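Remarks on the structure that follows.
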Amino acid sequence: MNKKALAILMRARMRPNHLTNFALSPISNELNQILSNSHGNRSGENGEHHAMEHGKETLNHQRSFEVVRESLHSVISMNKTEVGDSVLNEFLEGYCSLSFENRRKLLLTLAKEYDLNRAQVRELIKQYLGLQPPGSEAQSGGVADEGFLSTFYRIERNLRHSLKPVYETLFERLNTHPEGLKFLTIIRADILSILTEGNIASLRALDSYLKEKLTTWLSPAALELHQITWDDPASLLEKIVFYEAVHPISNLIDLKRRLGVGRRCFGYFHSAIPREPLIFIEVALLKNIAETIQEVLWDNPPIAESEATCALFYSISSTQPGLAGINLGKFLIKRVITLVKIDMPHISVFATLSPIPGFMQWLLSKLASQSKLAKAEDISRSPADRSGLTFYENILEPEEERALIDSSGDLASGKSGMEIMLNLLTPTTHEWTNSDKLLSALKPPLMRLCARYLLQEKKRGKALDSVANFHLQNGAMVQRINWMADQSEKGLNQSAGIMVNYVYRPENIEEYAQLYFSKGHIHSSYDVKRYIQPVLENESKDSLL
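End of the sequence shown sits at 545 in UniProt numbering; the numbers just go up one at a time, nothing left out.
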């Protein structure tokens, strides 16, 4: 193993798990020691000494919080010319040294005490409403009219200024610091973590404002697209290993394969966060759209690139938790499609092989609720009688239910096909995958229900599945669902091994995205639609594409 390979392996293994504790480059090694000590285990001390030390530690943390709070106030309140890197460094270092609980207190302080001045806003609105709007009769174009209008402009300008929260000053000034953008993503990651505990209105408003700022600062014009290769520094490659979120990179051979012949990896970079991609996408060059992830990850040797007709996006990973909800992936996919079309004109198909992370959770919940309802109603009648019950839905077709009852054997029991299906799919041992008979019985209902989940199950008018929503809002269509496409434990737990191909047609991307955004319309192929709706005899496949 050469030095570069060893460096990648060691760094990836040693990289910390808590992303928000990353050290910033201006911060000394002493900060890392502080962070390390804050998580240390002091179990070796006796009770009395531990109590004394705990008291000191609590006091030190409190002092630390007050110091950082003062530092925060200084950054916001000082004159713009007085705020240099040293003042910003003090706040950055102080914030990173805080425990998560004290970060929470500081962010709540920021959200509530440095919000906009609502009394001032009300007063300006009162002044504005008290003005008599210029009417057509008064508009003579003279100097008096200009003076009258200047009052409107002045109050409108003051109103715009007063509607900006005070904490905007903090964000703007941090963004001028060499490490400020990275630090702002850390702050937002903390905000999002706190919001998972409860919906705090002031903190939600703070998050919304910071998200808008980050979206502006990370516009496509400010980002650089870079093709990541094996020749890049080990420090960059180890980040690819660490951040890969869809299909973990198992070893250095796997990494080298993903960056080698027949493969591409592209990342979006920002000058304020050098040597670290904000988001990256992995691409396989294939003859046809892949049906299983195994053929993508273990295609060895790959086909000659000149024979490829399909660019398959099989993994897209974001590296910054603080950028959640900012759709950099949309711009990345479009840029990559454009670049591939220029470099390889023979590539005509742009598709994905994507996971369906919410399918099993939805399905098991559906099966459990319906089975529970059936038991509560003491259903001992025929399926026809059951269908008349309010809220009851047998999500299995009669032939699917019969096949499951006949095939279950000793692996699962139940009074109905849904109960048998629930008992088969719930265990994480996935024993059903070892039975050809069960695979045959489960395939029709699982594929049909997966198509229903992708095309019909929605939240606020958009696809319930997060990955489906991502690609559909970017202008893709649902092309095909694939049986046993990912037989890893993760794949079976998420979607019973089913994966989906989304296709990006460059000429339709904007149209599809607009229809999905405005009406929630999901474009899909005949092959997917046939699972959930009867096909008319005179309806051709082409008319459904």
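Glycine residues also receive a C-beta, built at the ideal position from the N, C-alpha and C atoms.
Computed from a predicted model, the values in this text were never measured in an experiment.
Quiz item: Cβ of residue 319 within 9 Å of Cβ of residue 276?
Solution: Locating residue 319 in the sequence shown gives position 319, counting from the first residue. Locating residue 276 in the sequence shown gives position 276, counting from the first residue. Closer than 9 Å, so yes.
Self-check item: Range of the contiguous beta strand (DSSP E) that encloses residue 268
Solution: Numbered from 1 along the sequence shown, position 268 holds the residue referred to as residue 268. Its beta strand (DSSP E) spans residues 263-270.
Quiz item: Since residue 185 and residue 323 are thought to touch, with beta carbons under 8 Å apart, how far apart are those beta carbons, to the nearest angstrom?
Solution: Position 185 of the sequence shown holds residue 185. Position 323 of the sequence shown holds residue 323. Their Cβ separation, rounded to whole angstroms, is 6 Å, which keeps residue 185 and residue 323 in contact under 8 Å.
Self-check item: Minimum length 4: unbroken alpha helix (DSSP H) runs contained in the region 453-502
Solution: Within the region 453-502, the alpha helix (DSSP H) runs of at least 4 residues that lie entirely inside it are, in chain order, 466-473 and 489-495.
Exercise. To the nearest angstrom, report how far apart residue 400 and residue 314 are at their CA atoms.
Key: The residue labelled residue 400 in the question sits at position 400 within the sequence shown. The residue labelled residue 314 in the question sits at position 314 within the sequence shown. About 32 Å.
Quiz item: Considering residue 314, what are the terminal residues of the alpha helix (DSSP H) in which it resides?
Solution: Indexing the sequence shown from 1 puts residue 314 at position 314. Counted as a single uninterrupted DSSP element, the stretch harbouring residue 314 is not any alpha helix (DSSP H) but the beta strand (DSSP E) occupying residues 310-318.
Exercise. Could you tell me which uninterrupted beta strand (DSSP E) segments, each at least 3 residues in length, are contained entirely in the region 209-234, listed from first to last along the chain?
Key: Counting whole runs of 3 or more residues, the region 209-234 contains the beta strand (DSSP E) stretches 223-227.
Practice problem: Using beta-carbon positions only, say whether residue 453 and residue 476 come within less than 9 Å of one another. | Solution: As a working mapping, residue 453 is identified with position 453 in the sequence shown. As a working mapping, residue 476 is identified with position 476 in the sequence shown. No; because the gap between Cβ atoms is not below 9 Å, this pair is not in contact.
Quiz prompt | Three-state secondary structure (DSSP) of residue 83 | solution = Within the sequence shown, residue 83 is the residue found at index 83, counting from 1. Under the three-state reduction of DSSP output, residue 83 falls in the coil class, being neither helix nor strand.
Self-check item: Which of helix, strand or coil DSSP assigns to residue 282
Solution: Numbered from 1 along the sequence shown, position 282 holds the residue referred to as residue 282. Residue 282 sits in a strand when the DSSP states are folded into three classes.
Quiz item: Would you report the Cα separation of residue 80 and residue 260, rounded to the nearest angstrom?
Solution: Stepping through the sequence shown from its first residue, residue 80 is reached at position 80. Stepping through the sequence shown from its first residue, residue 260 is reached at position 260. So the alpha carbons of these two residues sit roughly 49 Å apart.
Self-check item: Boundaries (first-last residue) of the beta strand (DSSP E) holding residue 349
Solution: As a position in the sequence shown, residue 349 is number 349, starting the count at 1. Per DSSP, the unbroken beta strand (DSSP E) holding residue 349 starts and ends at 349-352.
Quiz item: Looking at the structure shown, is residue 153 part of a helix, part of a strand, or coil, going by DSSP?
Solution: As a first step, residue 153 must be located in the sequence shown, where it is residue number 153. When secondary structure is reduced to three states using DSSP, residue 153 falls in the helix class.
Quiz prompt | Three-state class that DSSP yields for residue 524 in the structure shown | solution = The count along the sequence shown starts at 1 and reaches residue 524 at position 524. Three-state result, residue 524: strand.
Practice problem: Please classify residue 504: does DSSP put it in a helix, a strand, or coil? | Solution: Residue numbering aside, residue 504 sits at position 504 when the sequence shown is read from its first letter. DSSP places residue 504 in strand when its eight states are reduced to three.
Self-check item: Which residues DSSP lists as bridging residue 273, in chain order
Solution: Within the sequence shown, the letter at position 273 stands for residue 273. Beta-bridge pairing links residue 273 to 270.
Quiz prompt | Exposure of residue 231, with buried meaning 16 or more beta-carbon neighbours within 10 Å | solution = In the sequence shown, residue 231 corresponds to position 231, counting from 1. Exposed is the call here.
Exercise. State buried or exposed for residue 235, treating a residue as buried only when at least 16 other CB atoms are found within 10 Å of its CB.
Key: Stepping through the sequence shown from its first residue, residue 235 is reached at position 235. Exposed, since its Cβ has fewer than 16 Cβ neighbours within 10 Å.
Quiz item: Any contact of the region 174-185 with the region 294-306, i.e. 3+ C-beta pairs under 8 Å?
Solution: Under the three-pair Cβ rule at 8 Å, the region 174-185 does not count as touching the region 294-306.
Quiz item: Does the Cβ of residue 342 have 16 or more other Cβ atoms within 10 Å, making it buried, or fewer, making it exposed?
Solution: Numbered from its first residue, the sequence shown carries residue 342 at position 342. Exposed, by the Cβ-count rule.
Quiz item: Excluding sequence positions up to five away, which residues of its chain have a Cβ less than 7 Å from the Cβ of residue 67?
Solution: Along the sequence shown, read from residue 1 onward, the residue named residue 67 stands at position 67. Residues 94 of the same chain have their beta carbon placed closer than 7 Å to that of residue 67, with the five preceding and five following residues left out of the count.
Quiz item: Is DSSP giving residue 530 helix, strand or coil here?
Solution: The sequence position of residue 530 within the sequence shown is 530, counting from 1. It is coil, neither helix nor strand.
Quiz item: Hey, residue 106 and residue 72: beta-carbon distance below 9 Å or not?
Solution: In the sequence shown, counting from the first residue as 1, residue 106 sits at position 106. In the sequence shown, counting from the first residue as 1, residue 72 sits at position 72. Cβ distance < 9 Å, so residue 106 and residue 72 count as in contact.
Quiz item: Using a Cβ-Cβ cut-off of 6 Å (strictly less than) and excluding sequence neighbours within five positions of residue 43, which residues of its own chain qualify?
Solution: Here residue 43 refers to the residue found at position 43 when the sequence shown is read from its first residue. In this prediction, residue 43 scores a pLDDT of 41, lower than 50, which makes its location untrustworthy; the coordinate-derived value is nonetheless stated afterwards. Nothing meets the Cβ criterion.
Practice problem: Note the first and the last residue of the continuous alpha helix (DSSP H) segment covering residue 516. | Solution: By one-based count along the sequence shown, residue 516 stands at place 516. 509-519 is the span of the alpha helix (DSSP H), which, as asked, contains residue 516.
Practice problem: Since I believe residue 398 is in contact with residue 495 (beta carbons under 8 Å), could you give me their beta-carbon distance rounded to a whole number of angstroms? | Solution: Counted from its first residue, the sequence shown places residue 495 at position 495. Counted from its first residue, the sequence shown places residue 398 at position 398. So it is not a contact: roughly 25 Å between Cβ atoms.
Exercise. Please report how far the alpha carbon of residue 419 lies from the alpha carbon of residue 272, in whole angstroms.
Key: Counted from its first residue, the sequence shown places residue 419 at position 419. Counted from its first residue, the sequence shown places residue 272 at position 272. Distance between the alpha carbons of residue 419 and residue 272 is about 55 Å.
Practice problem: For residue 533, I'd like the list of residues in its chain whose CB is within less than 7 Å of its CB, leaving aside the five on either flank, ordered along the chain. | Solution: Residue numbering aside, residue 533 sits at position 533 when the sequence shown is read from its first letter. Cβ neighbours of residue 533 within its own chain (closer than 7 Å, five residues either side excluded): none.
Quiz prompt | Span separating the alpha-carbon of residue 204 from that of residue 104 | solution = As a first step, residue 204 is located in the sequence shown; it is residue number 204 there, counting from the start. As a first step, residue 104 is located in the sequence shown; it is residue number 104 there, counting from the start. Looking at the two C-alpha atoms, the distance is approximately 13 Å.
Quiz item: Is there contact between the region 301-313 and the region 243-255, where contact requires at least three CB pairs shorter than 8 Å?
Solution: As far as the Cβ criterion goes, the region 301-313 does not touch the region 243-255, which means the pair count is below three.
Self-check item: Straight-line gap, residue 220 to residue 345 (C-alpha atoms, nearest Å)
Solution: Residue mapping note: residue 220 aligns to position 220 of the sequence shown, counting from 1. Residue mapping note: residue 345 aligns to position 345 of the sequence shown, counting from 1. Straight-line Cα distance between these residues: approximately 24 Å.
Quiz prompt | Any 3 or more C-beta pairs closer than 8 Å across the region 220-229 and the region 328-338 | solution = Judged by Cβ distances under 8 Å, the region 220-229 makes contact with the region 328-338, as three or more pairs qualify.
Quiz item: Could you give the distance in angstroms between the alpha-carbon of residue 85 and the alpha-carbon of residue 114?
Solution: On the sequence shown, residue 85 is found 85 positions in, with the first residue counted as 1. On the sequence shown, residue 114 is found 114 positions in, with the first residue counted as 1. Straight through space, the alpha carbons of residue 114 and residue 85 are spaced by roughly 22 Å.
Quiz prompt | First through last residue of the alpha helix (DSSP H) which encompasses residue 132 | solution = Counting from 1 along the sequence shown, the entry for residue 132 is found at position 132. Neither: residue 132 is in no alpha helix (DSSP H) and is coded neither H nor E.
Quiz item: CA-CA distance, residue 213 and residue 188?
Solution: Locating residue 213 in the sequence shown gives position 213, where the first residue counts as 1. Locating residue 188 in the sequence shown gives position 188, where the first residue counts as 1. Residue 213 and residue 188 have their C-alpha atoms spaced approximately 11 Å apart.
Self-check item: Buried or exposed (CB count within 10 angstroms, at least 16 for buried), residue 514
Solution: Position 514 of the sequence shown, counting from 1, holds the residue named residue 514. Exposed is the call here.
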